[in-house]
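Numbering follows the working numbering, with no gaps: position 2 of the sequence shown is 7. Working notes, beginning with the structure itself.
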Amino acid sequence: MEDTAILTDKLILRERARKNLEEGAVTEGYSGDLETVLKLLNEALATEIVCCLRYRRHYFMANGVNSESVKAEFKEHADQELEHADSLAERIVQLGGKPDFNPDTLTKRSHAEYVEGKSLTDMIKENLVAERIAIDSYREMVQYLGEKDPTSRRLLESILAVEEEHAEDLSSLLGN
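Here's what the structure looks like:
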């Protein structure tokens with residue numbers, strides 16, 4: 006005995022799929038507030054870009070006896086932040102939005118700040134602060150999305166996991 010009552014009738018699914026084709030991946034079954042989700046994703050995009058730029062600057066500016074291993078960490082994190090930004094931009098487009106790369110408003114939309122840091126220790130601390138901000142921001146976004154947009158939620162969860170790794174890496178560099 007097969008129980009298919011939990012699924013929408015296939016004829017209804019087929020009919021709904023043919024409506025509003027211009028909306029692409031956003032079907033009638035999408036239950037998120039699209040405007041809010043796009044705003045959150047664009048804020049996350051800005052955060053990732055600002056973090057990438059800060060890490061890149063720190064990579065080039067780091068110097069001193071212990072700087073080579075720290076520089077390598079900064080470079081790896083910068084590259085990963087850029088990958089996150091690309092993934093977020095792709096998701097924004099999937100949802101019919103426009104990724105906002107406007108440099109004039111990037112730091113205003115970013116949850117993390119762009120702080121240069123004077124010493125190698127300052128740079129590590131500023132990056133750790135930014136990672137901790139990202140962790141809390143993404144955790145809140147994940148909770149907000151819940152089951153309303155599981156695809157965006159999973160994307161943010163995967164980014165959150167990497168941000169937590171970054172925080173642990175930086176904390177270890179400080180000897181915490």
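The beta carbon of each residue, even a glycine, is placed where N, CA and C say it ideally should be.
Beta-carbon proximity check, residue i vs residue j, cutoff 8 Å
i	j	result
R62	E121	yes
C56	A139	yes
D154	V42	yes
V167	L125	no
I11	L46	no
L18	S92	no
T32	R23	no
R144	L165	yes
Expected contact under 8 Å - CB spacing of residue i and residue j to nearest Å
i	j	result
K60	E95	Note on residue identity: the sequence assigns Tyr, not Lys, to residue 60. The pair is not a contact, with the Cβ atoms about 21 Å apart (cut-off 8 Å).
G151	Q99	Actually they do not touch by this definition, with Cβ atoms about 19 Å apart.
Three-state secondary structure (DSSP) of residue i
i	result
I17	helix
F65	helix
E40	helix
P155	helix
A51	helix
Y143	helix
E95	helix
F106	coil
R23	helix
Y35	coil
M6	In this prediction, M6 has a pLDDT of 49, which is less than 50 and means its spatial position is unreliable; what the coordinates show is noted afterwards. Residue state, collapsed to three classes: coil.
A83	helix
Selected residue, minimal CA-CA separation from residue i, among the options
i	options	result
D174	C57, K123 and A77	A77
A146	G37, R21, P108 and L133	The identity of residue 146 in the sequence shown is Met, whereas the question assumes Ala. Checked all of G37, R21, P108 and L133; the closest Cα to M146 is G37.
G180	I129, I164 and P155	I129
E48	S142, A22, S72 and R19	S142
Y64	L50, L178 and K80	K80
V1	M66, H171 and E73	What is shown of the chain runs 6 to 181, which leaves residue 1 out entirely.
K44	A90, R114, S176 and L160	R114
H89	K15, E20, E162 and L178	E162
K103	N132, A22, L50 and M66	L50
Y118	V70, E169 and E131	The residue asked about is misnamed: residue 118 is Glu in this sequence, not Tyr. Of the candidates V70, E169 and E131, the one whose C-alpha sits nearest the C-alpha of E118 is E131.
E53	E73, G69, D84 and N68	D84
E169	N25, S72, L39 and H82	H82
Any non-hydrogen atom of the ligand ZN within 7 Å of residue i CB
i	result
S157	As far as ligands go, the structure on display features none, and thus does not contain the ligand ZN.
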